[in-house]
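K.L.:
2 protein chains.
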Amino acid sequence: MPTRTAAQRREEARRRYDAYVATCPSRQLLDALSDKWVSLVLTALARGSLRYSELARTIAGVSQKMLTQTLRTMERDGLVSRTVTPSVPVRVDYRLTPLGENLMPLMEAIKNWAEIHMEDVEAAREAYDRRPAAAP
Amino acid sequence: MPTRTAAQRREEARRRYDAYVATCPSRQLLDALSDKWVSLVLTALARGSLRYSELARTIAGVSQKMLTQTLRTMERDGLVSRTVTPSVPVRVDYRLTPLGENLMPLMEAIKNWAEIHMEDVEAAREAYDRRPAAAP
DNA sequence: CGGCATCCCACATGATACTG
DNA sequence: CAGTATCATGTGGGATGCCG
Chain F
1 MPTRTAAQRR EEARRRYDAY VATCPSRQLL DALSDKWVSL VLTALARGSL
51 RYSELARTIA GVSQKMLTQT LRTMERDGLV SRTVTPSVPV RVDYRLTPLG
101 ENLMPLMEAI KNWAEIHMED VEAAREAYDR RPAAAP
Chain A
1 MPTRTAAQRR EEARRRYDAY VATCPSRQLL DALSDKWVSL VLTALARGSL
51 RYSELARTIA GVSQKMLTQT LRTMERDGLV SRTVTPSVPV RVDYRLTPLG
101 ENLMPLMEAI KNWAEIHMED VEAAREAYDR RPAAAP
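First to last, the sequence lines map onto chains F and A. Number 25 in the UniProt record's numbering belongs to position 25 of the first sequence; there are no gaps in the numbering. Number 22 in the UniProt record's numbering belongs to position 22 of the second sequence; there are no gaps in the numbering.
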């Protein structure tokens, strides 16, 4: 049972944290969330837990090193949980924590936006690149 | 007048673009949106246009180089527009395009999430760092 | 004021090889 | 299978200086 309502908590957070301030922890958290791989890992786990190798296959092009590193950071930040089954060979499953499930829809929205508006962005780029340069 | 409804368009985009595929343009767009500065610029312009120097002051800690570079990329991608007033000294204003206004709330949600859940993340980090290491 | 050009380096990331 | 360790490298990003 929380001692604060969601609205109260939101207000307190706004007073305490401001991502526009370079030294604010929330700014560093925003930087961490603005990672190339975090959004993909988060959305990949949307429908339940996945094994390490399943994650690697889902997120094409990610290196072992970056996947492991991203998962470790996300685990430390409380976004994913890691479960080791000591079989032979060992089996490791990752799933979203409640905190990760809370963030996931926001990241999914960004990912969907990128897919849905890709054509608009490509059109904007072509228009920009067609602009005449200033005359000498 | 669009020839497709929003729902139709969404379905087409899902068929055509998949950010999980490394070579898909939408993956590269997602990478671009997952930039350290894009979310801050986008939300800074939420309430209207700002001059270059106002942006620089709002987003503490950003260097001239990175701010300019971020704004150029966002301009090319059709997210912001740039207006030069040829006074002396010159005045340059940036504002969100309709496309940028469409994306902004999603980025603002991420930024707010970081501010609101900072305490949860810090608690998770402390718990993680307190974990006992495996015995030798 | 609002840039762009240049230099430079730390660090993030990729590739490869090895292991419990 | 799921990593860790090591080495190589590309580039993000800061500092500085000049310009319209």
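Just so you know, even glycine gets a beta-carbon here, dropped at the ideal spot from N, CA and C.
(1) To which residues does DSSP link ARG76/A through a beta bridge?
(2) Below 8 angstroms on the Cβ atoms is my guess for ALA46/F versus SER26/A; work out the distance and round it to an integer in Å.
(3) For a contact meaning CB atoms closer than 9 angstroms, what does MET118/A contact in chain F?
(4) Can you say whether ARG65/A is buried or exposed, counting buried as having 16 or more other CB atoms within 10 angstroms of its CB?
(5) Under three-state DSSP, which class holds THR43/F?
(6) Rounded C-beta distance between MET104/F and ALA13/A? I'm assuming under 8 angstroms.
(7) Since ASP120/A contacts GLY78/F with CB under 8 angstroms, what's their CB separation in whole angstroms?
(8) Rounded to whole angstroms, what's the CA-CA distance from GLU122/F to CYS24/A? Just pull it up for me.
(9) Is there a C-beta anywhere in chain A that falls below 9 angstroms from the one on LEU33/F?
(10) Which word fits ALA7/A, buried or exposed, when buried means at least 16 other C-beta atoms lie within 10 angstroms of its C-beta?
(11) Could you compute how far the alpha carbon of LEU69/F sits from the alpha carbon of ARG51/F?
(12) Note down, in chain order, every chain F residue with its Cβ under 8 angstroms from the Cβ of SER109/A.
(13) From ASP129/A to ARG91/F, what does the alpha carbon distance come to, in whole angstroms?
(14) So what's TYR52/A in DSSP terms, helix, strand or just coil?
(15) For ARG10/A, return the contacting residues in chain F, with the cut-off set at a CB-CB distance below 7 angstroms.
(16) For VAL121/F, report the span of its alpha helix (DSSP H) as first-last.
(17) Could you work out which residue in ALA19/F, ILE59/F, VAL80/F is closest to LYS36/A when comparing CA atoms only?
(18) Excluding sequence positions up to five away, which residues of its chain have a Cβ less than 6 angstroms from the Cβ of residue 141/F?
P.N.:
Short version:
(1) According to DSSP, ARG76/A bridges with nothing at all.
(2) The Cβ separation is near 17 angstroms, so there is no contact.
(3) ALA13, ARG16, TYR17, CYS24, PRO25, SER26, LEU29
(4) Residue identity check: residue 65/A is Lys in the sequence provided, not Arg. Classification for LYS65/A: exposed.
(5) helix
(6) Between ALA13/A and MET104/F the Cβ distance is about 20 angstroms, and since that is not below 8 angstroms, they are no contact.
(7) 6 angstroms
(8) 13 angstroms
(9) yes
(10) exposed
(11) The sequence shown places Gln at residue 69/F, rather than the Leu named in the question. Near 15 angstroms, if we compare the C-alpha coordinates of ARG51/F and GLN69/F.
(12) It is Ala, not Ser, that sits at residue 109/A in the sequence shown. Near ALA109/A (Cβ distances below 8 angstroms), the residues of chain F are LEU106, ALA109.
(13) 24 angstroms
(14) helix
(15) ILE116
(16) 118 to 130
(17) ALA19/F
(18) Look at the range of chain F in this structure, 1 to 136, and you will see that residue 141/F is not part of it.
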